[in-house]
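Heads up, the sequence shown is in our numbering, so the first residue is 7 and it goes up one at a time.
Idealized CB from N, CA, C, for every residue including glycine.
Keep in mind that this is a model prediction, so the values were computed, not measured.
For reference, the structure is listed below as structure tokens.
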Amino acid sequence: IFTELAKGPEGLDALTGRLGLHPRGARDFLDTLVALGFLDREDGQYSNTPSSDLFLDKHKPSYIGGMLEMANQRLYPQWGRLTTALRTGERQSGAPGTEDVFAALYADPARLKSFLRAMIGVSRGANLAIASKFPWDKYKTAADCGTAQGDLIVQIALKNPHLSGIGFDLPEVAPIFEEYVEQNGLSSRLRFQPGSFFHESLPKVDVILMGHILHDWNQIGRASCR
């Protein structure tokens, strides 16, 4: 919806047809988005608010909707199994019997790319702040460990042209990281280093960064990461 409306305001019928919505609920759905402040409506024409245009248009680099897409696919359905979780004590994330959720996720390239894009959505604001607020002029190299798609090290490199960096993550992440780095014109300064922080030494650089990592494991796992 927001990506379509980034092209310009649309009326109910045009939006309903373009998005394949059923007429029964389309008006109520769009008006709910108006009431929530995600859309504006004037003379029957719907349009993005400034915030939704900036953050929810898939074609803008400021898009944060990847996190919402991932939550819709992976997190929201788990709430439907709350009763099962309470009665069995079994984890509801991942496929039944799956011991390593991340191994299953990383084995599926399409799901992996969606997950890594979601990490940009949840981190973009912090990434921009770190890139501009930290005294990077005192350092020459940095590594983002658990880099995902690489937005943190990319934003740092864009803001600090003197700095070179490394994205450190499991080998499956490499093509997704390298594609994103190339899109931002940083292939000459940023490179990928495959590895697991449970088993390999971290890159030797001036600054090590980690984000949204330690909450995934118990105290032993966290100590290994650190």
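Beta bridge counterpart(s) of residue i as assigned by DSSP
i	result
residue 147	170
residue 52	16, 47
residue 216	151
residue 59	Answer is none; residue 59 lacks a bridge partner.
residue 114	Its beta-bridge partners do not exist; DSSP assigns none.
residue 175	200
Simplified DSSP state of residue i, which is helix, strand or coil
i	result
residue 211	coil
residue 33	helix
residue 98	coil
residue 42	coil
residue 11	helix
residue 197	strand
residue 133	helix
residue 140	coil
residue 229	Only weak support is given to the placement of residue 229: the predicted model assigns it a pLDDT of 49, under 50, and the question is left unresolved by the model.
residue 28	coil
residue 238	No information on residue 238 is available, as it lies outside the stretch 7 to 232 that the chain covers here.
residue 188	helix
residue 206	coil
residue 23	helix
residue 72	helix
residue 1	What is shown of the chain runs 7 to 232, which leaves residue 1 out entirely.
Cβ distance (whole Å) where residue i is taken to contact residue j below 8 Å
i	j	result
residue 153	residue 211	Going by Cβ atoms, the distance from residue 153 to residue 211 rounds to 13 Å, so no, they are not a contact pair.
residue 54	residue 12	6 Å
residue 23	residue 50	Not a contact, Cβ separation roughly 15 Å.
residue 52	residue 27	Not quite, the Cβ-Cβ distance comes to about 12 Å (not below 8 Å), so this is no contact.
Residue i versus the options, residue with shortest Cα-Cα distance
i	options	result
residue 122	96, 170, 71, 99	71
residue 170	206, 158, 204, 181	158
residue 217	51, 28, 126	126
residue 128	85, 75, 164	75
residue 209	58, 173, 41	173
residue 116	204, 165, 179	179
residue 118	97, 95, 73, 92	73
residue 163	142, 151, 183	142
residue 220	190, 45, 133, 151	151
residue 198	190, 206, 183	183
residue 215	42, 133, 89, 86	133
residue 6	88, 30, 31, 14	An answer regarding residue 6 cannot be provided, because it is not within the stretch 7 to 232 covered by the chain.
Same chain, Cβ closer than 7 Å to residue i, neighbours up to 5 away in sequence not counted
i	result
residue 187	156, 160, 193, 196
residue 91	98
residue 202	176
residue 112	118, 176, 178
Close Cβ partners of residue i (< 6 Å) along its chain, the five nearest in sequence each way excluded
i	result
residue 177	200
residue 213	145, 148
residue 64	9
residue 58	8, 44
residue 39	45
Sequence-distant residues of the same chain with beta carbon closer than 8 Å to residue i, five excluded per side
i	result
residue 68	60, 61, 130
residue 185	none
residue 166	137, 142, 143
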